[in-house]
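Student: Structure below; questions to follow.
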Amino acid sequence: MVGQTEKFAHRGSRSACPLPAELRERLDGELVVWLSSVRPDGAPHLLPLWFAWDGEAITIYSKPEAQKVRNVRRDPRVMVAVGQAGSAFTVTLLEGVAEVVEGPGEPSAESGRLARYRDAMRQLGIGVEDFLATYSQRIRIQPVRVLDWGMPDWRAAVAAARSPDAQVERVTVASPFLTAVATGAAIFR
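Residue numbers are given in my numbering: position 117 of the sequence shown equals residue 125, and the series is strictly consecutive.
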C-alpha cells in the first residue's frame, strides 16, 4: 500500500533500522538517490546525487560549503528517495540521520566506493581523485525508517475497476488521491 510504513521501520527511533534484502539490492545497483534536507527557514532542499552504499549507511560526497552540508550540520534529519518513479511509482523512502564526517577519507577506500561511477567520471573528463578533491566533504546517512511508496499492480487494479464485469463500486489504488470507479472514470482529487 502506498505510503505505508513497513514493519521493519522503527517509529520514533533514531537508531538504525534493518533494511529488507530487496532494498539493499537496489542500493547496490542504483546510481542516483534523491536527498532531501531542511533549510534554515524550514523549506526542503532536494537534490539528485551520486552515493556510496556500504551495506549499513549511505555516503554522499559534497563540496564542503554546499547548502546540504550547512543544512545537515544544523539539522541532521534527512529523507532519501531510492528508485525510479516510473509508471508504478516504485520508490522507497529512507528517513535518516545524517552526520557530516570530519576529515578526509582513506583515498583507496573512497576510490573503491566510487568505482561504479568511473565511466561517468571519464565521460565528464574527471578522475576519482579529482572528484574527491572537489567533493571532499562526506555525509554519512544512517537509515532509521523505511517507507515503500508505490503499487506495482495499480494499472491492473484500474483496468479491473473499468471492466464491465466489475463487482466493486470503488477500488482505491496507488494513493489516496487516485480512485478508480467501476464506471471507468479515474478521479484525481
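All residues carry an ideal CB built from backbone N, CA and C; glycine is no exception. Since this is a predicted model, take the numbers as computed values, not measurements.
Only counting the same chain, and skipping five residues up and downstream in sequence, which positions put a Cβ closer than 6 Å to that of L140?
Tutor: The residues are E118.
Student: What first and last residue would you give for the alpha helix (DSSP H) that runs through R130?
Tutor: Per DSSP, R130 belongs to the alpha helix (DSSP H) from 126-132.
Student: Would you check if the distance between the CB atom of V41 and the CB atom of V88 is smaller than 7 Å?
Tutor: Going by C-beta atoms, V41 is nearer than 7 Å to V88.
Student: So, for A24: in the same chain, excluding its five sequence neighbours on each side, which residues have a beta-carbon less than 6 Å away from its beta-carbon?
Tutor: The residues are Q150.
Student: Hey, how far is the Cα of I195 from the Cα of A93?
Tutor: Here the model assigns I195 a pLDDT of 35, short of 50, so the residue's position is not dependable, and the following value carries that caveat. Near 21 Å, if we compare the C-alpha coordinates of A93 and I195.
Student: Grab me the residues of E103's own chain with a C-beta within less than 6 Å of its C-beta, minus the 5 sequence neighbours each way, in chain order.
Tutor: Only M87, V152, R153 meet the Cβ criterion.
Student: Can you look up A60 in the DSSP assignment and give me helix, strand or coil?
Tutor: Correct three-state label for A60: strand.
Student: Indicate whether T100 and L54 have their beta-carbon atoms separated by less than 7 Å.
Tutor: It is not a contact, given that the beta carbons lie outside the stated cut-off.
Student: In the DSSP output, what is S119 paired with across the bridge?
Tutor: According to DSSP, S119 bridges with nothing at all.
Student: Buried or exposed for A106, going by 16 or more other Cβ atoms inside 10 Å?
Tutor: Its Cβ being crowded by 16 or more others within 10 Å, A106 is buried.
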